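**Q** After the structure tokens below, expect a handful of questions from me.
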Amino acid sequence: MMVSQLITTNQLETMSRQQRRNLERKYQKKLNSLQHQTSKSDLPLRFDNSSVTAYGSFGILEAFKKAVDLPGMLKRVSLKRHHNCKYSDTELLDTIIDALSLGLLRFSHMNALQTDPGYQKIKEVTQVPDESTLRNFVSLICEQEALDQLSLVNQELLSLKAKCDQSREVWLDIDDSVLTVFGKQEGSKVGYNPRYHGRPSYKVKVAFISGTCELVNAGLYSGNVASNGQFMEFLKETLEILANQNILVKGIRMDKGFFDEDNFAYLEEQGIEYICKAKLTSNMKKVIKYLDDQERWQPLSNHYAAAEITLPLPKWSKARRFVFIRETQEPKVSGEQLNFDLKTFDYQVIITSSDEYNPEEVWHQYNKRCNIENKIDELKVGLGFEKMSQAELDRNIAFMWLKVLSYNILNWFRLVLLDGKDSRAEVPTIRRKILNVPGNIVGNDRYRHIKLAPNPWLQKVLKNAKEKLQEFLCTQAWVAVSSG
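When the letters of the sequence shown are read in order and numbered with the UniProt record's numbering, they come out as residues 1 to 484.
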């Protein structure tokens with residue numbers, strides 16, 4: 001491009017011929033310098049590598065999926081489709097789960113697998129379905145009322161893990177969360193929304209096994225459904241899922257949104273302990289005043305004190321145990337102040353059916369529930385739970401269950417194959433540090449291997465994961481043989 005093309009007509013008319021030549025020489029010199037500097041980085045491109053992949057460590061996840069026989073479980077989902085369909089139901093479901101596991105959380109993003117030859121080599125396929133095929137398949141699941149089949153696959157996956165872990169006693173953490181939508185999705189309603197006031201949303205209820213963080217059950221509801229709305233059905237369904245496995249539910253931890261005598265009475269009938277935060281109502285404030293007047297507080301530290309009392313609330317059928325936690329709030333002082341005692345207090349109220357914990361232990365036991373907030377955030381950010389972008393409610397539910405399956409696969413993967421703090425890493429971290437590392441697949445047949453960039457940490461992690469995978473295969477083989 002010449003200087004005369006870059007300057008305005010008025011500037012050109014006011015410049016002499018010599019000035020234009022000088023400017024042209026300076027321009028050409030600067031342009032040559034910039035081109036020389038950038039040529040070292042702006043290398044030529046060739047689109048002819050048929051073995052490179054953006055997911056160099058995906059092979060270890062694919063091996064784990066085969067170890068738990070996920071493809072066999074997915075055969076449970078069987079739809080009526082045309083006889084000459086290019087891809088089977090299992091292949092389509094497996095592709096969606098792969099895409100979600102690798103962070104391709106929207107259907108439009110899943111096309112990335114079509115242009116990843118390394119991924120196709122690992123899967124031993126020559127083609128990957130496009131996003132429209134995957135989208136239409138999810139619609140077909142809803143049309144043929146096969147949503148229950150997806151939840152049954154999740155139950156089968158959890159059941160297999162339960163067999164590997166032997167019998168165990170667990171606590172369940174149950175909570176719900178708001179999923180804001182930005183369109184006109186079916187079933188979304190305006191309800192409580194702490195972030196986007198007045199926007200329509202869905203509500204999702206989730207139940208996790210404490211400690212191992214397995215996602216046992218999930219339910220999607222309209223945004224105007226309260227936390228306690230339809231909770232009894234969700235609770236019974238969750239307990240029924242675990243009853244069919246080798247898992248004994250010792251207790252359940254819940255937030256104050258589920259504070260309801262019907263819930264407590266049902267759990268008492270089932271012999272299940274509960275720890276639930278109570279609402280700080282006017283009746284509770286009267287009890288706090290009584291505790292103050294009677295000096296019932298027992299100090300736990302310089303800032304905390306605890307008290308307990310067993311009483312029935314109005315209209316309740318029986319008395320229940322309440323634990324009160326008082327936190328001293330020191331006022332923030334700036335400048336001069338009068339020498340008065342300005343202490344104020346914050347209170348927590350917890351109801352429990354457990355007799356084995358003292359008040360402080362009840363408080364600490366309830367606080368373990370806080371990890372479910374992290375797990376919900378992990379579902380939202382790592383698996384795209386908050387991206388409820390499908391127009392129909394059933395399609396969003398179907399997509400949600402596929403995300404549940406992806407989460408439970410990744411969760412089991414990290415528990416079995418990763419060590420130490422890596423086994424507690426969240427899904428986005430596992431992707432960033434382990435799975436989504438570019439690599440090159442070379443060799444053929446039994447000599448196939450993946451070349452990755454030098455990374456001592458990743459080399460150690462993957463070596464350890466491969467060793468643990470062999471141990472896991474032994475466990476799986478024994479479970480298969482011993483269970484007949």
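Heads up, the beta-carbon is just placed ideally off N, CA and C, and yes, glycines get one too.
These numbers were taken from a predicted model, which means no experiment stands behind them.
1) Taking the straight line between their C-alpha atoms, what separation do you get for residue 126 and residue 254?
2) Any idea if residue 390 is buried or exposed, counting beta-carbon neighbours within 10 angstroms, 16 or more meaning buried?
3) Would you identify the three-state DSSP class for residue 326, choosing helix, strand or coil?
4) Starting from residue 46, trace the beta strand (DSSP E) in both directions and tell me its first and last residue.
5) Is it buried or exposed, residue 56, if we count other Cβ atoms within 10 angstroms and call 16 or more buried?
6) With distances taken from CA atoms, which of 217, 233, 172 is nearest residue 369?
7) Straight-line CA distance for residue 70 to residue 92?
8) Enumerate, from N- to C-terminal direction, the unbroken beta strand (DSSP E) stretches of 3 or more residues contained entirely within the stretch 334 to 420.
9) Cα separation between residue 420 and residue 181?
10) Need the endpoints of the alpha helix (DSSP H) that residue 39 sits in, please.
11) If you reduce the DSSP assignment to three classes, tell me which class residue 182 lands in.
12) Going by CA-CA distance only, name the one from 242, 165, 443 that's closest to residue 154.
13) Could you please give the first and the last residue of the uninterrupted alpha helix (DSSP H) stretch that includes residue 310?
14) Answer with buried or exposed for residue 487, where buried requires no fewer than 16 other C-beta atoms within 10 angstroms of its C-beta.
15) Which residue spans inside the stretch 55 to 79 form an unbroken alpha helix (DSSP H) run of at least 4?
16) Nearest CA to the CA of residue 224: which residue from 212, 190, 211, 252?
17) On the DSSP bridge list, what partners appear for residue 208?
18) Over the uninterrupted beta strand (DSSP E) stretch that includes residue 440, give me the two end residues.
19) Quick check: what's the CA-CA separation for residue 53 versus residue 431?
20) Examine the Cβ distances between the stretch 72 to 82 and the stretch 140 to 151 and report whether three or more of them are shorter than 8 Å.
21) Leaving out the 5 sequence neighbours to the left and right, which residues in its chain are closer than 6 Å to residue 407 when beta-carbon positions are compared?
22) Residue 466 by DSSP, collapsed to three states: which one?
23) Hey, how far is the Cα of residue 405 from the Cα of residue 314?
24) Which runs of the alpha helix (DSSP H) at least 4 residues long sit entirely within the stretch 242 to 303? Give them in chain order.
25) What residue does the alpha helix (DSSP H) around residue 318 start on, and which one ends it?
26) With burial defined as no fewer than 16 other Cβ atoms inside 10 Å of the residue's Cβ, what is the status of residue 120: buried or exposed?
27) Count the other CB atoms within 10 Å of the CB of residue 447; is the residue buried (16 or more) or exposed (fewer)?
28) Give the straight-line distance between the Cα atoms of residue 380 and residue 95, rounded to the nearest whole angstrom.
29) When you compare only the Cα positions, how much space is there between residue 279 and residue 256?
30) For residue 233, count neighbouring Cβ atoms within 10 angstroms of its own Cβ and tell me buried if that reaches 16, exposed if not.
31) Under the DSSP definition of a beta bridge, which residues are partnered with residue 189?
32) When we look at the beta-carbon of residue 311 and count the other beta-carbons within 10 Å, is it buried (16 or more) or exposed?
33) Please state the DSSP three-state secondary structure of residue 163.
34) Do you know offhand how far residue 366's Cα is from residue 89's?
35) Ordered along the chain, which non-local residues of its own chain (more than five positions away) have a Cβ less than 7 Å from that of residue 107?
36) Have a look at residue 413 and residue 194 and give me their C-alpha separation to the nearest angstrom.
**A** Put simply:
1) 48 Å
2) buried
3) strand
4) Run containing residue 46: none; DSSP gives neither H nor E here.
5) buried
6) 172
7) Taking the straight line from one Cα to the other gives about 13 Å.
8) 344 to 352
9) 37 Å
10) 17 to 39
11) coil
12) 242
13) Note, residue 310: premise wrong, no alpha helix (DSSP H); beta strand (DSSP E) at 304 to 311.
14) In the structure as shown, the chain starts at 1 and stops at 484, and residue 487 therefore has no counterpart that could be examined.
15) 58 to 67, 70 to 74
16) 190
17) As a beta-bridge residue in DSSP terms, residue 208 pairs with 173, 215.
18) 439 to 442
19) Their Cα atoms are separated by approximately 14 Å.
20) Counting Cβ pairs under 8 Å, three or more are found: they touch.
21) 215, 383, listed in sequence order.
22) helix
23) Distance between the alpha carbons of residue 405 and residue 314 is about 43 Å.
24) 261 to 270, 282 to 293
25) Careful: residue 318 lies outside any alpha helix (DSSP H) and carries neither H nor E.
26) buried
27) With fewer than 16 other Cβ atoms inside 10 Å of its own Cβ, residue 447 counts as exposed.
28) 20 Å
29) 6 Å
30) exposed
31) 201
32) exposed
33) helix
34) Residue 366 and residue 89: Cα-Cα distance of roughly 43 Å.
35) 131, 134, 135
36) 34 Å
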